[in-house]
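Q: Got a structure for you, questions after.
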Amino acid sequence: MEHESKTPWWLKALQTGLIGGVVAVLSCLIGMIESFHERDIIAGQITMGETVLLLIVITFSYFSSRGTEDTALPKRLTSGALTGLVTGGLVAGLVLLGKWVNLREILVNASPNLYKILTFEMENTTTALAYLLIAGTVIGLLTALLHLIPTVWRRAVIYGLTIVSLIALLQDLIRITLTRFPQITEALAWMFGSRGQEGLSVNGAIAVFLIVTALNYASATRGDSIRSRVRALPTGTQQGLRWGSWLLLFAFLLIWPRIAGPYLSEVTNGIGLFILMGLGLNIVVGYAGLLDLGYVAFFALGAYTMAVLTTTGGEITANFEWTFWQALPAAIFMAVLAGVVLGIPVLKIRGDYLAIITLGFGEIIRIMFLSDFLKPYFGGSFGIVLIASPTFGNLRFNTPQTLYYVILAGCLLALFVAYRLRDSRMGRAWKAIREDEDVAQAMGINLTSTKLLAFAMGAAFGGLGGAIFASKLSTVYPHSFVFLVSINVLALIIVGGMGSLPGVIVGALLLVGLPEFLREFSEFRNLIFGALLIAMMLSKPEGFLPEAVHRRELHEADNAANTAGT
Amino acid sequence: MSNILTAQNVTKRFGGLTAVSTLDIEIPEKSIYSVIGPNGAGKTTFFNCITGFYHPEEGNIVFDNRTILGLTSDQISQRGISRTYQNIRLFSNLTALENILVGQHALLKSTLFGPIFGLASTRREEADALKEARRLLAFVSLAGKGDLLAKNLPYGDQRRLEIARALASKPKLLLLDEPTAGMNPNETEDMTKFIRRLRDELGITILLIEHDMRVVMGISEKITVLDYGEKIAEGTPKDIQGNERVIEAYLGRGSAAQITA
Amino acid sequence: MRQRFLNRINFTDIALGIIGASLVGLIVVGSFKTLAEGNYTTRQWLDFVVFGVAQGSIYALIALGYTLVYGILRMINFAHSEVFMSGAFTAYFAADAMAKAGFIRSNPFIAILILFAISMATSVFIGVLVERIAYRPLRRAPRLVPLITAIGASFFLQYTFKGLYGDQFKAYPEVAALKGSWTWGDLNITRIQVVVILSAALLMLGLYLYVQYTKTGKAMRAVSEDKDVAALMGINVDAIIVRTFVLGAALAGAAGILYALTFRQVNFLMGFIPGIKAFTAAVLGGIGNIPGAMLGGLFLGLFESVGPILFLDGLNVPAPYQLKDVIAFTMLVLVLLFRPSGILGERLSEKKA
Chain A
34 MEHESKTPWW LKALQTGLIG GVVAVLSCLI GMIESFHERD IIAGQITMGE TVLLLIVITF
94 SYFSSRGTED TALPKRLTSG ALTGLVTGGL VAGLVLLGKW VNLREILVNA SPNLYKILTF
154 EMENTTTALA YLLIAGTVIG LLTALLHLIP TVWRRAVIYG LTIVSLIALL QDLIRITLTR
214 FPQITEALAW MFGSRGQEGL SVNGAIAVFL IVTALNYASA TRGDSIRSRV RALPTGTQQG
274 LRWGSWLLLF AFLLIWPRIA GPYLSEVTNG IGLFILMGLG LNIVVGYAGL LDLGYVAFFA
334 LGAYTMAVLT TTGGEITANF EWTFWQALPA AIFMAVLAGV VLGIPVLKIR GDYLAIITLG
394 FGEIIRIMFL SDFLKPYFGG SFGIVLIASP TFGNLRFNTP QTLYYVILAG CLLALFVAYR
454 LRDSRMGRAW KAIREDEDVA QAMGINLTST KLLAFAMGAA FGGLGGAIFA SKLSTVYPHS
514 FVFLVSINVL ALIIVGGMGS LPGVIVGALL LVGLPEFLRE FSEFRNLIFG ALLIAMMLSK
574 PEGFLPEAVH RRELHEADNA ANTAGT
Chain B
85 MSNILTAQNV TKRFGGLTAV STLDIEIPEK SIYSVIGPNG AGKTTFFNCI TGFYHPEEGN
145 IVFDNRTILG LTSDQISQRG ISRTYQNIRL FSNLTALENI LVGQHALLKS TLFGPIFGLA
205 STRREEADAL KEARRLLAFV SLAGKGDLLA KNLPYGDQRR LEIARALASK PKLLLLDEPT
265 AGMNPNETED MTKFIRRLRD ELGITILLIE HDMRVVMGIS EKITVLDYGE KIAEGTPKDI
325 QGNERVIEAY LGRGSAAQIT A
Chain C
6 MRQRFLNRIN FTDIALGIIG ASLVGLIVVG SFKTLAEGNY TTRQWLDFVV FGVAQGSIYA
66 LIALGYTLVY GILRMINFAH SEVFMSGAFT AYFAADAMAK AGFIRSNPFI AILILFAISM
126 ATSVFIGVLV ERIAYRPLRR APRLVPLITA IGASFFLQYT FKGLYGDQFK AYPEVAALKG
186 SWTWGDLNIT RIQVVVILSA ALLMLGLYLY VQYTKTGKAM RAVSEDKDVA ALMGINVDAI
246 IVRTFVLGAA LAGAAGILYA LTFRQVNFLM GFIPGIKAFT AAVLGGIGNI PGAMLGGLFL
306 GLFESVGPIL FLDGLNVPAP YQLKDVIAFT MLVLVLLFRP SGILGERLSE KKA
């Protein structure tokens, strides 16, 4: 960070406060605060809207009071307080402005309700404004004090608070899941507010916070010794432990729809499809470094192939009436074929152009499916209906809880393939191209065929996902395949960590799963995606779970064991 | 002795600028051959013409009795020419070992099915490749550093890793672009010995661009001097040291007279 | 020579040749049949052409923003479409207020100038903001990184404006003075089209002169040649980059008003399609090349308005106009394949090592 710059520290604190203020005012004016205010984090105490405002003040005060190791305490405190004051001041300014002029003529979200939230529902505006300023300052001061707490404790506290908010946010999910087990109804009632949307109860919040904080502190202080004890175990036992935990995870995945029930299974299926697409795009973008903005095209092709081949009714001329399993290879094949046909011309083009051309390709595919020109074959904007579901013997996979297994199988297959390819000769060639195309070529790598393979692999996963998607909904419409889908997939890869397989899963859970449970959230989903993409690239371009470095020089024994074992 | 590489009348222009002009060079097999000249003389351009990064407008380049003109750089690499770069160009987010494994790309065969299904032949191939990579790592004295990301290696190690990567494709001709740039005298001395070892132990022909005259004069069997894209002298180190045009090219007109005086 | 030729040719070239040839064949056959059938009068064709030129000049203005930034930073400013949207969307409120106050009726010329000013100022503000936050910190990052922030910025801006101004379409007031059209023989041109074409031409001329003859323009060209050398020559590279963004954004803001006058509708998503089209136009003309962007815009406008009917009607494609975007993107693919440098672009230097 630029600690050496000439601006005096107090001016910096002021600037930080101003930025924080702008962020806070903006989040008010786009309607986020008001919409989030509907949901309590802690019943009757604090809402999600208030939490967001609080977080903004805390974040910016934290940065302004960070200073260096040896920054004196008064300076830190003043910085924090100043930043908090300015941020609060800007919000107060918004309220004041709103009292004088009707901002709502232009800014649709500057509603009376917003002012009510910002003034803590007080009658007297002056008191409320003073309150805002004081609150900002005090929070800024307190945040500055955070720097005094030893790092271990600070981490534990932050961790605890995060988990509390997360549990409060996900209360719907947790409740729906847990009410299926009547034994713990009382515990639930104690932990959560009495009505829906109410978040944790005060008791629940305190309990969760204490437990999580303590656990985190313990793992931070004792974790190393436990880890080293595990490492001291003989290799066989260690491997046994690893296999054991994998098996446990797998067993959990198998029984998940039973725990989750239909609604949650449906959500899980949605996440699963995005994981599938993410794994495919990850090969193209993460491994090979080819920015493909038209990935949805392959998804669409898979879906439409499945639809055309299996549909049993509707307006279109096609009359194949294949089964799901007959159509599935065809769907994947069509996607791969499109990948190759597009790839041959496009992959000669360098860098940024590729992004635009693939985007154009995605649009072309969608417009074609939508057009009157091809309506006899694809149904135009009416799409195709009555698409077959997968069957297995007498089993029909047509409910969320059964379809789950088809999607799970698809994801596991994709995961396995992506994992196996990552450190293969092709995987290395892809990564080499990503790092330096010219040098990779001079090392004997045929660029066109190598890139084409990456493209085809990605397309195959997309086609598989699309085929499952079509039979999951049993209908397809061109409107399901807009540019936004490509961006969603790209965003989840980037947030998770380009090239990282666990990253894809975590990214999908965060970006596809979370918004499902937070209706308020989903309204701002695209905005948050955009902000996340920028923030990730600026601060953590490698993602939350960066691509792992494959260590093997000194693991000859391991490798030999693996080779013998598989 | 036969020539492994023959350049005939090679000319490369950029717009109005002729970077390499009607250049003839014959490189004998298993020799250490240097190309020297002031900055901008066209040395690296010549390297780029050989490795297929540029396509010369005129002339011909024959390697191993076949023309390599018009081939792409991957095809040229497969014929047996490998190179390093003036400003090190490793795959910086891959480990040292992976860099070398990429170098073996053309020698390996597996594509998609082998690794996905874990075929025995693929596993054997990978194990052998890994063994070879470790051997090369040790050969450039980087044993134990294989799991480090290339970008995290110290400068000298990066230079040697780049050579190891180039060797991994089992080249017959190795092009080294300023291998001792930025090294201190001790490191330079080591590098010089190392280059000689490459030729003596592995039998690889070495074509070298180098600015350090002690290195050039110490290890080259033959030298070509370029200036403004043209060959101004050619011969053994002894011939070159006494050549007036060379001294002029390096130090400016009239210098030759002063030095010899 | 023969050997050399054989060495170079490979599978992809053949595949490319086939794809290109069949597309060109389709276009030729389609056009021939359409013209032979003669379902359209000269007057209709001229209408298409005029519409295409007007549309194309709007594309050209936006394309200039892409080209300027690409020329200097070698990156696609993906958020440029939102820079375009922000101006027109914001100026709507002024237009609405002026219409209600009767100002547009009494002083249409001044009113439109005010709209231009507001739109351009907003666009410039947004453009500079994006540069400062999303691009400047990443100047030395790998190329993929700023491209991804650009996409992020684009999304962020779209939905921020949706949050601020709402998600409905807003109807721009009609300017009475711009109603009606002029006719010469078969040529029929509306007043709005005249305004669009003339103001676009003026703005582009202004930009061209600015870049060619002012000190800043020369510095811009120097920076686009080589940032490091330019910095050594005492040019403040960051300041020049900001000015480039200002210029591009101002033109986009102006294009926004012309677009709003033509289509009389604004919305937070309005930038996406024109943005991509304008980028296509920039590539068509040769990205980084200012006259190229202008020419590319005109070409694309013409292709889009004349192309669907000309190429597809003869092939009995129903509702060919639905496929105009397909034609635009296909053009882009063809141009990038067979002349990656665009119509006016110089061949990108082979420099690699």
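Protein chains in written order, with the numbering used here: chain A, 34 to 599; chain B, 85 to 345; chain C, 6 to 358.
Idealized CB from N, CA, C, for every residue including glycine.
Only a predicted model underlies this, so the values are computations on that prediction, with no experimental measurement involved.
#1: Would you verify that the beta carbon of glycine 376 (chain A) is, or is not, closer than 9 Å to some beta carbon of chain B?
#2: Helix, strand or coil for proline 199 (chain B)? Go by DSSP, reduced to three states.
#3: Taking the straight line between their C-alpha atoms, what separation do you get for isoleucine 52 (chain A) and isoleucine 123 (chain C)?
#4: Beta-carbon within less than 6 Å of leucine 206 (chain A)'s beta-carbon, same chain only, minus the 5 sequence neighbours each way: which residues are those?
#5: Quick check on DSSP: helix, strand or coil for alanine 345 (chain B)?
#6: Check whether the Cβ atoms of valine 119 (chain B) and threonine 308 (chain B) sit closer than 9 Å, and answer yes or no.
#7: From what residue to what residue does the beta strand (DSSP E) around proline 180 (chain C) run?
#8: Alpha carbon to alpha carbon, how far is threonine 184 (chain A) from valine 190 (chain A)?
#9: Considering Cα atoms alone, identify which of A:Ala240, A:Glu575, A:Met65 is closest to lysine 167 (chain C).
#10: Using a C-beta to C-beta distance shorter than 9 Å, which residues of chain B count as neighbours of lysine 464 (chain A)?
#11: Please return the same chain residues whose Cβ sits closer than 7 Å to the Cβ of leucine 3 (chain C), not counting the five positions on each side in sequence.
#12: Return the chain-ordered list of same chain residues with a C-beta closer than 6 Å to the C-beta of arginine 208 (chain B), the five sequence neighbours on each side being excluded.
#13: Applying the criterion that 16 or more other CB atoms from any shown protein chain within 10 Å of the CB defines a buried residue, is threonine 599 (chain A) buried or exposed?
#14: Heavy atom of the ligand GDP less than 8 Å from the Cβ of threonine 104 (chain A), yes or no?
#15: If I follow the unbroken beta strand (DSSP E) through lysine 315 (chain B), where does it start and stop?
#16: Any C-beta of chain C sitting closer than 9 Å to the C-beta of lysine 45 (chain A)?
#17: Taking DSSP as the reference, what is the three-state secondary structure of lysine 306 (chain B)?
#18: Quick check: valine 7 (chain A) and alanine 451 (chain A), are their CB atoms within less than 9 Å of each other?
#19: Starting from the Cα of arginine 141 (chain C), find the closest Cα among C:Val74, C:Gly302, C:Leu203, C:Pro178 and give me that residue.
#20: Would you mind stating whether threonine 165 (chain C) and leucine 560 (chain A) have Cβ atoms separated by less than 9 Å?
#21: Note down the Cα distance separating serine 457 (chain A) from glutamate 246 (chain B), rounded to an integer number of angstroms.
#22: When the cut-off is 9 Å and only beta carbons count, does serine 253 (chain B) lie next to chain A?
#23: How far does the beta strand (DSSP E) with aspartate 108 (chain B) in it extend, from its first residue to its last?
#24: At a Cβ threshold of 9 Å, is leucine 480 (chain A) touching chain B?
#25: Does proline 199 (chain B) get closer than 9 Å to chain A when you measure Cβ to Cβ?
#26: Against chain B, with Cβ distances strictly below 9 Å, would leucine 506 (chain A) count as a contact?
#27: Starting from the C-beta of alanine 206 (chain C), find all residues in its chain whose C-beta is less than 8 Å away, skip the five residues before and the five after it, and write them out in chain order.
#28: Say whether the stretch 529 to 541 of chain A touches the stretch 361 to 380 of chain A, bearing in mind that this needs 3 or more beta-carbon pairs closer than 8 Å, one atom from each stretch.
#29: Between the C-alpha atoms of glycine 287 (chain B) and leucine 89 (chain B), what's the straight-line distance to the nearest angstrom?
#30: Counting only beta-carbon atoms, is serine 457 (chain A) nearer than 9 Å to chain B?
#31: So, for leucine 178 (chain B): in the same chain, excluding its five sequence neighbours on each side, which residues have a beta-carbon less than 8 Å away from its beta-carbon?
#32: Closer than 7 Å by beta-carbon distance: list the chain A residues that pair up with leucine 149 (chain C), in chain order.
#33: If we define contact as Cβ-Cβ less than 9 Å, is methionine 570 (chain A) a contact residue for chain B?
#34: Looking at C-alpha atoms only, which residue of A:Glu71, A:Gly77, A:Ile75, A:Ser98 is the closest neighbour of alanine 46 (chain A)?
#35: For glutamine 242 (chain B), name the three-state secondary structure that DSSP assigns.
#36: Per the DSSP calculation, glutamine 359 (chain A) is bridged to which residue(s)?
A: Taking the structure as given:
#1: no
#2: helix
#3: 24 Å
#4: Phe550
#5: Because alanine 345 (chain B) sits at a pLDDT of 43, beneath the cut-off of 50, its placement in the model cannot be relied upon, and the following sentence gives the value as read from the coordinates. Correct three-state label for alanine 345 (chain B): coil.
#6: yes
#7: The amino acid at residue 180 (chain C) is misidentified as proline; the sequence shows valine. That residue, valine 180 (chain C), is in no beta strand (DSSP E); it is neither H nor E in DSSP.
#8: 10 Å
#9: A:Met65
#10: Phe175, Asn177, Leu178, Glu182, Val186
#11: Outside the displayed span of chain C (6 to 358) sits residue 3 (chain C), for which this structure offers no information.
#12: none
#13: At threonine 599 (chain A) the pLDDT is 35, less than 50, meaning the model places this residue with poor confidence; the figure from the coordinates comes in the next sentence. Threonine 599 (chain A) comes out exposed.
#14: For the structure depicted, the ligand GDP is absent and the ligand set is empty, with no information on it obtainable.
#15: 314 to 319
#16: no
#17: strand
#18: Since the first residue of chain A shown is 34 and the last is 599, residue 7 (chain A) is not available in this structure.
#19: C:Val74
#20: yes
#21: 21 Å
#22: yes
#23: 101 to 112
#24: yes
#25: yes
#26: no
#27: Ser62
#28: no
#29: 15 Å
#30: yes
#31: Val186, Leu233, Ala234
#32: Gly322, Leu324
#33: no
#34: A:Ser98
#35: helix
#36: Answer is none; glutamine 359 (chain A) lacks a bridge partner.
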